[in-house]
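Here the sequence shown stands for residues 130 to 503, numbered as in my numbering. Data first, discussion second: the structure below is written as C-alpha cells.
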Amino acid sequence: MNHQPLRVGIIGAGLNGAWGGLAHLPALKALPEFMVTAVGTSRQESAEASADHFGVEHAFSDPLELALHPEVDLVTVSVRVPEHDRLIRAALEAGKHVYSEFPLGRTTAESAALLQAARDRGVRHFAGLQSRANPVIRYVRELLAEGYVGDVLAVHVNYAIPTYPIRSKQIDQSHVYLLDEANGANQLTIAGGHLLDGIMYLFGPFSEISAILKTQTRQVPVEETGEIIRASAPDHVVVSGILPGQAVFSSQIRNAHVGSFAIEINGTKGDLHIRSRQNFMFQIDDLIVLGTQGRGELKELTLPGHLHLPPAELMGTPAYNVAGIYQQIHRDLANDTHEAPDFQTALAVHELLDQVRKAGETGATVRLEPGYEV
C-alpha cells in the first residue's frame, strides 16, 4: 500500500466564506493521510491569498491547470452548483479522481452525464453526501439492523432552518442564485436531497412518495442593493412516503427564525431520536442519538469504539462530517472499496427528487419502481 499522503487540489477555496475554505481545507489539514497541494478560485489574486492563508503551495485561477498539475491526485469541486459541470469535466479531462459537493448537477440529466463521463475516463468519483459519514447516523444504522426498535413503524423529521436562504426577508447578493430553481440549488435539492439521502441510507428505498412544494416568499429584496428578486425555487418542502416494511415517513423542511432538527423513529420495541446540537443543517450538524426500549425514558446513547471517527478537534464545525467523507475516500482508494458515496449515489438522489417534484406538481402519490435505493 502506498503510504504517501493523497494530494488534493480544491476548486472553490476562497476566503469569502466559501464552503471549500470553511469545511474542506480544515478537514484535510486535520487528516495526515491527505495533503492540500493546490487551491483554485475564479481570480488569481484570491487564489494566492487563500494559498498564503492556508499554507498551500500552488494557486490557480484556471481549473484545468490545477487539475493537470502533477502534484494533484484528487480534485475537489466545492463551488456553486451551476459551475459543477464545467469544473468536474476539467478534472476528468486531466484524468484525476474527483470529489464534488451535492447536488452533483443542476438537473438529473446533467448529473447522469457527469457519471457517464467519469466512468468513461476510468477515474474514481465521490459525492459530498456528508450525513453518511456522521458517526451518529452510522451508529443508528447499526442499531436499526440489530433490531433496537424492532420493526420500524414511523419516521418523522422536523426540520426548521434558521434564515436559510433568506435573512429577515432579505437575501445577500452571494446567495441570490439559490432563488432560481433553474440553478438546481435550493431548499428541495440541498436540504431535501441531503435529508432524503440520509433517510434512505438508514432505512432503504421509498416505495411511494407524496409532496407539497411551495414558494412562500416570492419577492425577495437583495440586502446590498435593494433590488427585488422573484423567487421560483421552493422554500417550504413537505415529503411523506412509505419505507421498507411499510414504515410511514413524514417530514417538513422550512425556514424559521429559530432552527430545530429532529428525526424520531418509532418501532415495535422502542424509539430512537436523532437530535442536533446546532440546529442548522442536517448534513453539517453535530448530532446525538437518544433511545429507549419499552416504556423507559429516552437516554443519550454512547457511540461504540469501533466507529471510525473524524478528528475530535473538528467536532461542532462544518469540517467534521466532511473529514469523515475524506476518511472513507482514502480507504476506498487504498483498498479499492466503495464505502464513500459517489456520483451513482448522487444520481439516485437526483432521480428521487424528480419523483418528489412530480408528486408536488400533480398532488398525487407517486409509486416508485424498485431501484431507488442509494
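Note that CB positions come from ideal geometry on N, CA and C, so glycine has one too. In this text the structure is predicted, and so the values were computed from the model without any measurement.
Closest Cα partner of G425 within the set Q173, V278 and E222: Numbered from 1 along the sequence shown, position 296 holds the residue referred to as residue 425. Distance from the Cα of G425 is smallest, within the candidate group Q173, V278 and E222, for V278.
task: Identify the continuous beta strand (DSSP E) that holds I403 and give its terminal residues.
output: Within the sequence shown, numbered from 1, the residue matching residue 403 stands at position 274. In the DSSP assignment, I403 falls within the beta strand (DSSP E) that extends over G399 to S405.
task: Compute the beta-carbon to beta-carbon distance between L282 and T397, rounded to the nearest angstrom, for a pair I have assumed lies under 8 Å.
output: Taking the sequence shown and counting its residues from 1, one reaches residue 282 at position 153. Taking the sequence shown and counting its residues from 1, one reaches residue 397 at position 268. Yes, L282 and T397 are in contact; Cβ-Cβ is about 7 Å, under 8 Å.
field: Per-residue burial, M130 [other beta carbons within 10 Å of its own, 16 or more giving buried]
entry: Translated into the one-based positions of the sequence shown, residue 130 becomes position 1. Residue confidence is low: M130 scores 46 on pLDDT, short of 50, so the model does not pin down where it sits. Its coordinate-derived value is still stated next. Exposed, since its Cβ has fewer than 16 Cβ neighbours within 10 Å.
field: Pick from H459, T494, L272 and Q484 that is closest to H226, judged by C-alpha positions
entry: As a first step, residue 226 is located in the sequence shown; it is residue number 97 there, counting from the start. Cα-wise, what sits closest to H226 is H459.
field: T494 burial status per 10 Å Cβ neighbour count (16 or more: buried)
entry: Sequence index remark: in the sequence shown, residue 494 carries index 365 (1-based). T494 comes out exposed.
message: Just to confirm, is the Cβ distance from L438 to G420 under 8 Å?
response: By 1-based counting over the sequence shown, the position of residue 438 is 309. By 1-based counting over the sequence shown, the position of residue 420 is 291. No. Outside cutoff.
message: By the three-class DSSP mapping on this structure, what secondary structure does F472 have?
response: Mapped onto the sequence shown, residue 472 falls at position 343. In the three-state DSSP reduction, F472 falls in the helix class (H, G or I).
task: Kindly provide the ranges of any beta strand (DSSP E) runs that are 3 or more residues long and lie completely inside the stretch 392-454, ordered along the chain.
output: Runs found: 399-405 and 416-422.
task: Could you name the residues that DSSP lists as bridge partners for T205?
output: Translated into the one-based positions of the sequence shown, residue 205 becomes position 76. According to DSSP, T205 bridges with I139 and Y228.
- prompt: Between the Cα of D364 and the Cα atoms of L233, G445 and Q381, which residue gives the shortest distance?
  reply: On the sequence shown, position 235 is the one that residue 364 refers to. Closest by alpha carbon: Q381.
Cβ-based neighbour list, D280, same chain, cut-off 7 Å, excluding 5 preceding and 5 following: Along the sequence shown, read from residue 1 onward, the residue named residue 280 stands at position 151. Excluding the 5 residues flanking it on each side, D280 has same chain C-beta neighbours closer than 7 Å at G374, G396 and T397, in chain order.
Beta-carbon contacts of R172 that lie in its chain and below 8 Å, excluding the five residues immediately before and after: For the purposes of this step, residue 172 is taken as the residue at position 43 of the sequence shown. Only residues of its own chain outside the window of five on either side were considered, and among them S190 have a CB closer than 8 Å to the CB of R172, listed in chain order.
Entirely enclosed alpha helix (DSSP H) segments - the stretch 348-393, minimum 4 residues: The stretch 348-393 contains no whole alpha helix (DSSP H) run of 4 or more residues.
message: Quick check on the burial criterion: 16 or more other C-beta atoms within 10 angstroms. Buried or exposed for S297?
response: Within the sequence shown, numbered from 1, the residue matching residue 297 stands at position 168. S297 comes out exposed.
message: Under 8 Å, with one C-beta from each stretch per pair, do the stretch 400-415 and the stretch 431-451 reach the 3-pair mark?
response: A contact exists between the stretch 400-415 and the stretch 431-451.
task: Identify every run of the beta strand (DSSP E) within the stretch 248-306, keeping only runs that are complete inside it and at least 3 residues long; order them along the chain.
output: Listed in chain order, the complete beta strand (DSSP E) runs (minimum 3 residues) inside the stretch 248-306 are 254-257 and 281-291.
message: Using only the alpha-carbon positions, how far apart do P499 and P334 sit?
response: In the sequence shown, residue 499 corresponds to position 370, counting from 1. In the sequence shown, residue 334 corresponds to position 205, counting from 1. Distance between P499 and P334, taken at the CA atoms: about 8 Å.
task: Give me whichever residues DSSP pairs with R496 in a beta bridge.
output: Numbered from its first residue, the sequence shown carries residue 496 at position 367. Beta-bridge partners assigned by DSSP to R496: E337.
- request: Grab me the residues of R267's own chain with a C-beta within less than 7 Å of its C-beta, minus the 5 sequence neighbours each way, in chain order.
  value: To locate residue 267, count along the sequence shown from 1; it is residue 138. Taken in chain order, the residues that qualify are L436.
- request: Verify whether the separation of the beta carbon atoms of P232 and T166 is less than 8 Å.
  value: Counting from one through the sequence shown, the residue named residue 232 turns up at place 103. Counting from one through the sequence shown, the residue named residue 166 turns up at place 37. Against a cut-off of 8 Å, the Cβ pair of T166 and P232 comes out as no contact.
Rounded separation between T491 and I338 - CA only: Here residue 491 corresponds to residue number 362 of the sequence shown, with the count starting at 1. Here residue 338 corresponds to residue number 209 of the sequence shown, with the count starting at 1. Distance between the alpha carbons of T491 and I338: 12 Å.
query: Which whole-angstrom value is the C-beta distance of P350 and Q302, which I expect to be below 8 Å?
result: The sequence position of residue 350 within the sequence shown is 221, counting from 1. The sequence position of residue 302 within the sequence shown is 173, counting from 1. Between Q302 and P350 the Cβ distance is about 11 Å, and since that is not below 8 Å, they are no contact.
query: Among residues of its own chain, excluding the 5 on either side of E239, which ones have a beta-carbon nearer than 6 Å to its beta-carbon?
result: Locating residue 239 in the sequence shown gives position 110, where the first residue counts as 1. A distance below 6 Å between beta-carbons, with the five flanking residues on each side excluded, links E239 to the following residues of its chain, in chain order: D214.
task: Mind checking who G169 pairs with in its DSSP beta bridge?
output: As a first step, residue 169 is located in the sequence shown; it is residue number 40 there, counting from the start. Residue pairing by DSSP puts G169 in a beta bridge opposite I140 and F189.
message: So for M130, helix, strand or coil by DSSP?
response: Against the sequence shown, residue 130 aligns to sequence position 1. Any reading at M130 must be qualified, since the residue scores a pLDDT of 46, below 50, and its modelled position is unreliable; the value itself is stated next. Coil.
query: Should the stretch 207-221 be regarded as contacting the stretch 191-199, the criterion being three or more beta carbon pairs within less than 8 Å?
result: They touch, by the three-pair rule.
query: From Q456, L482 and D483, pick the residue whose C-alpha is nearest to that of P470; which is it?
result: The residue given as residue 470 occupies position 341 in the sequence shown. Comparing Cα positions, the closest option is Q456.
message: Is the beta carbon of L154 closer than 8 Å to that of Q473?
response: Against the sequence shown, residue 473 aligns to sequence position 344. Against the sequence shown, residue 154 aligns to sequence position 25. Contact: no.
message: If you reduce the DSSP assignment to three classes, tell me which class L244 lands in.
response: For the purposes of this step, residue 244 is taken as the residue at position 115 of the sequence shown. Helix at L244.
field: Whole-Å CB distance - L216 paired with I140, under 8 Å assumed
entry: Within the sequence shown, numbered from 1, the residue matching residue 216 stands at position 87. Within the sequence shown, numbered from 1, the residue matching residue 140 stands at position 11. At roughly 5 Å, the Cβ-Cβ gap stays under 8 Å, so L216 and I140 are in contact.
query: On the three-state DSSP scale, how would you describe L342?
result: By one-based count along the sequence shown, residue 342 stands at place 213. The answer is strand: DSSP assigns L342 an E or B state.
message: I need the straight-line Cα distance from P199 to H187, nearest angstrom please.
response: In the sequence shown, counting from the first residue as 1, residue 199 sits at position 70. In the sequence shown, counting from the first residue as 1, residue 187 sits at position 58. Looking at the backbone, the Cα of P199 and that of H187 are separated by about 11 Å.
message: Quick check on the burial criterion: 16 or more other C-beta atoms within 10 angstroms. Buried or exposed for L432?
response: For the purposes of this step, residue 432 is taken as residue 303 along the sequence shown, with counting starting at 1. The residue in question, L432, is exposed, as its Cβ has fewer than 16 Cβ neighbours within 10 Å.
- prompt: Is the beta carbon of V286 less than 8 Å from the beta carbon of L324?
  reply: Locating residue 286 in the sequence shown gives position 157, counting from the first residue. Locating residue 324 in the sequence shown gives position 195, counting from the first residue. In this structure, V286 places its C-beta atom within 8 Å of the C-beta atom of L324.
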